[in-house]
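Asker: Handing you a structure now.
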Amino acid sequence: PGNGLIIRHAEDQNLQDVLTQGCWSKQQTFAGKTGDWQAKLVQADGSVFEVFFNNQSQGQVQWDLLGQHNVANALAAMAAAHHAGVSPEQAITALRSFKNVKRRLEIRGKINGITIYDDFAHHPTAIATTLAGLRSKVKQARIVVVLEFGSYTMRSGVHKDAIKQALCDADRVVCKKPDQASWDLAEVLKTFSQPTALYEDVDTLVKNLVPTLTSGDHVVIMSNGGFGGIHQKLLNAMAVGVI
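In this note's numbering, the protein residues as written are 81 to 323.
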């Protein structure tokens with residue numbers, strides 16, 4: 081509608097192509113190099129950033145979330161709130177106390193200096209952005225990704241050509257063999273530069289993973305499902321002193 085507001089990423093060419101075909105609403109952009117709403121990272125991992133609207137500083141956000149994708153989400157939310165009458169100052173105050181939703185790089189436990197995360201990763205873009213944010217935070221610490229190909233597109237191999245690049249920030253990749261897969265994950269893993277492992281079931285995966293973990297590791301369990309209860313199984317195995 082004419083009194084509405086379309087909020088879009090400044091560098092999304094697909095959206096731009098659609099809107100140039102006809103748009104009756106006002107528009108605001110965020111992120112990119114030309115967005116109306118911008119963020120300047122104070123910390124490279126996205127945990128602290130300064131907000132700008134029309135090139136004017138609005139304040140600084142310090143929160144628990146990581147990654148530039150979450151910073152972009154924050155800008156979009158601020159733009160929507162501003163349109164509804166919420167001041168940038170109020171929005172920044174709210175963001176400072178915002179707690180992320182479950183299964184978005186959620187810490188499930190820390191044992192012997194090893195941090196276990198749960199992340200609802202179901203496609204390469206989500207995997208890549210999550211790991212990039214974590215890498216910015218942990219610097220040179222080892223990131224071990226434990227991955228289940230749970231979604232249909234992951235199981236069917238739609239993303240098989242993109243998965244290697246998506247996992248480039250991982251120091252080691254451990255996978256459970258996809259159920260009823262129509263492609264050969266083992267062959268794809270052979271092309272990785274970092275160490276990889278592939279297991280038929282969760283119990284065997286946990287048994288073989290635990291002895292390889294060392295203090296300072298960050299273990300990111302990625303799946304869009306329950307992954308056979310692997311999170312608690314791994315924590316239990318670590319707790320009984322297997323490490």
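Even for Gly, the Cβ is constructed at its ideal location relative to N, Cα and C.
Could you give the DSSP three-state label for residue 109: helix, strand or coil?
Answerer: Here residue 109 sits in strand by DSSP.
Asker: Touch check for the segment 272–287 and the segment 242–253: three-plus C-beta pairs under 8 angstroms?
Answerer: Touching, per the Cβ criterion.
Asker: Give the straight-line distance between the Cα atoms of residue 311 and residue 88, rounded to the nearest whole angstrom.
Answerer: Distance between the alpha carbons of residue 311 and residue 88 is about 36 angstroms.
Asker: Considering Cα atoms alone, identify which of 243, 153 and 207 is closest to residue 267.
Answerer: Comparing Cα positions, the closest option is 243.
Asker: Along the chain, where does the alpha helix (DSSP H) that runs through residue 205 open and close?
Answerer: Note, residue 205: alpha helix (DSSP H), 204–218.
Asker: Identify every residue that forms a DSSP beta bridge with residue 255.
Answerer: Per DSSP, 227 and 278.
Asker: Alpha carbon to alpha carbon, what distance is there between residue 217 and residue 230?
Answerer: Distance between the alpha carbons of residue 230 and residue 217 is about 27 angstroms.
Asker: DSSP three-state label for residue 311, please.
Answerer: It is helical.
Asker: Which residues does DSSP list as the beta-bridge partners of residue 199?
Answerer: 302.
Asker: Measuring only from the beta carbon, is residue 266 closer than 7 angstroms to any heavy atom that is part of the ligand COA?
Answerer: The model depicted lacks the ligand COA and carries no ligand whatsoever.
Asker: Is the beta carbon of residue 138 sitting closer than 8 angstroms to the one on residue 132?
Answerer: Yes. Within cutoff.
Asker: So, are the CB atoms of residue 293 and residue 194 less than 8 angstroms apart?
Answerer: Yes. Within cutoff.
Asker: Residue 147 and residue 212: beta carbons closer than 8 angstroms?
Answerer: In this structure, residue 212 lies closer than 8 angstroms to residue 147 by Cβ.
Asker: What would DSSP say about residue 128, mapped onto helix, strand or coil?
Answerer: DSSP places residue 128 in strand when its eight states are reduced to three.
Asker: Note down, in chain order, each residue of its chain lying with its Cβ closer than 6 angstroms to the Cβ of residue 114, except the 5 sequence neighbours on either side.
Answerer: Within the same chain, residue 114 has close Cβ partners 90.
Asker: If you draw a straight line from the alpha carbon of residue 309 to that of residue 184, how long is it in whole angstroms?
Answerer: Looking at the two C-alpha atoms, the distance is approximately 17 angstroms.
Asker: Looking at the unbroken beta strand (DSSP E) that takes in residue 88, where does it start and where does it end?
Answerer: Element bounds for residue 88: 85–89.
Asker: Of the choices 128, 168 and 104, whose alpha-carbon is the least far from that of residue 86?
Answerer: It is 104 whose Cα lies nearest to the Cα of residue 86.
Asker: Using only alpha-carbon positions, find the residue among 168, 150 and 282 that is nearest to residue 226.
Answerer: Taking only the C-alpha atoms, the option nearest residue 226 is 282.
Asker: Would you kindly check if the distance between the Cβ of residue 111 and the Cβ of residue 175 is under 8 angstroms?
Answerer: No. Outside cutoff.
Asker: Output the boundary residues of the beta strand (DSSP E) element that contains residue 330.
Answerer: The structure shown has nothing for residue 330, since the chain only spans 81 to 323.
Asker: What's the gap between the Cα of residue 171 and the Cα of residue 161?
Answerer: Distance between the alpha carbons of residue 171 and residue 161 is about 7 angstroms.
Asker: Got a sec, what are the start and stop residues for the alpha helix (DSSP H) residue 235 sits in?
Answerer: Residue 235 -> alpha helix (DSSP H) spans 232–235.
Asker: Relative to the C-alpha of residue 136, which candidate in 83, 168 and 192 has its C-alpha closest?
Answerer: Closest option to residue 136, Cα to Cα, is 168.
Asker: On the CB-based measure, 16 or more other CB atoms within 10 Å of its CB, does residue 197 come out buried or exposed?
Answerer: Counting Cβ neighbours within 10 Å, residue 197 comes out buried, since at least 16 surround it.
Asker: If I follow the unbroken beta strand (DSSP E) through residue 101, where does it start and stop?
Answerer: Counting along the chain, residue 101 falls outside any beta strand (DSSP E), and DSSP gives it neither H nor E.
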